Amino acid sequence: MRNGIFHVAKAEGSNEVLGVACWLPPRRADQPPSWRDWVEDWRLWLSQVGMNLYYGRGGLNVKRYYIWKETQAKAQSSVWTDPQGYYFLNIMVVHPKAQHRGIGRLMMKAVTDQADIEGRKCYLESSRDVPNMHIYGRFGFQFAKELECDDNGTAIKLFAMIREPNAGPQTK
458 MRNGIFHVAK AEGSNEVLGV ACWLPPRRAD QPPSWRDWVE DWRLWLSQVG MNLYYGRGGL
518 NVKRYYIWKE TQAKAQSSVW TDPQGYYFLN IMVVHPKAQH RGIGRLMMKA VTDQADIEGR
578 KCYLESSRDV PNMHIYGRFG FQFAKELECD DNGTAIKLFA MIREPNAGPQ TK
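Residues 458 to 629 in our numbering are what the sequence shown lists, from first letter to last.
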């Protein structure tokens with residue numbers, strides 16, 4: 458993915474990856490993708506097709522992916538109201554053995570600090586309410602909307618959260 462903002466935490470003196478964060482740069486929900494983003498989306502799609510053909514599908518349920526993307530688009534169109542757009546935290550993961558050492562905090566602050574300087578909001582979708590919403594709340598994120606991705610009775614919930622510029626920790 459060439460249009461993301463990546464932060465990779467590695468162990469000192471090693472190439473061992475301890476955490477990864479991928480943010481997407483600000484874009485309004487109603488703004489069509491740029492040509493660069495459009496080409497990148499297709500490049501990723503073709504790459505995924507190639508990987509699926511070579512390695513097998515690996516459990517990826519394409520139908521559910523499109524259910525999620527449709528649900529996500531509806532949620533974003535209702536909560537993304539700022540004309541400047543939002544920094545979108547697409548992925549945040551810290552290896553379990555590296556948790557509680559401040560790695561996630563550093564990767565989060567790298568972009569939220571920039572968003573504060575620019576006066577921009579941030580957005581994320583959490584796959585779990587507990588403990589994730591509390592963790593993200595410490596960075597100023599507030600619950601905005603629940604997304605339910607239902608595939609004929611098999612449903613998952615996501616929790617959309619928004620962070621205002623210069624937001625302090627949430628106490629809820």
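Cβ atoms here follow ideal geometry from the backbone N, Cα and C, with glycine treated the same way.
Bear in mind that the values here come from a model prediction, so they are computed numbers and not experimental data.
Query	Result
So which of F545, R500 and L475 has the shortest CA-CA distance to R558?	L475
Should the segment 543 to 559 be regarded as contacting the segment 579 to 588, the criterion being three or more beta carbon pairs within less than 8 Å?	yes
If you draw a straight line from the alpha carbon of A530 to that of G610, how long is it in whole angstroms?	21 Å
Return the chain-ordered list of same chain residues with a C-beta closer than 7 Å to the C-beta of F596, the five sequence neighbours on each side being excluded.	M565, T569 and R620
Can you tell me the Cβ-Cβ gap for V550 and A617, rounded? I've got them flagged as a contact below 8 Å.	Incorrect: roughly 19 Å between the Cβ atoms, too far for contact.
So, does the segment 460 to 469 touch the segment 478 to 494, judging by three or more C-beta pairs under 8 Å?	yes
If you follow the beta strand (DSSP E) that R493 is part of, which residue opens it and which one closes it?	Element bounds for R493: not the beta strand (DSSP E) but the alpha helix (DSSP H), W492 to Y512.
Look up D600 in the DSSP assignment and give the residues it is bridged to.	It should be pointed out that residue 600 corresponds to Phe in this sequence rather than to Asp. DSSP, once it has assigned bridges, lists M618 as partnering F600.
Can you find the residues in the same chain that come closer than 7 Å, C-beta to C-beta, to G427, ignoring five residues on each side of it along the sequence?	This structure cannot speak to residue 427, because the chain is shown only from 458 to 629.
Are the Cβ atoms of C606 and R521 separated by less than 8 Å?	yes
For a quick check, are the C-beta atoms of D539 and K578 less than 8 Å apart?	yes
Note down the Cα distance separating T528 from D498, rounded to an integer number of angstroms.	18 Å
According to DSSP, which residues form a beta bridge with D586?	D586 pairs with nothing; no bridge assigned.
Determine the closest residue to S534 out of A555, Q488 and A624, with distance taken between C-alpha atoms.	Q488
Which residue wins for smallest C-alpha separation from W525, given the options I613, Q627, G625 and A624?	I613
Reducing DSSP to helix, strand and coil, say where A624 ends up.	coil
Would you give the residue range spanned by the alpha helix (DSSP H) that R562 belongs to?	I560 to E575
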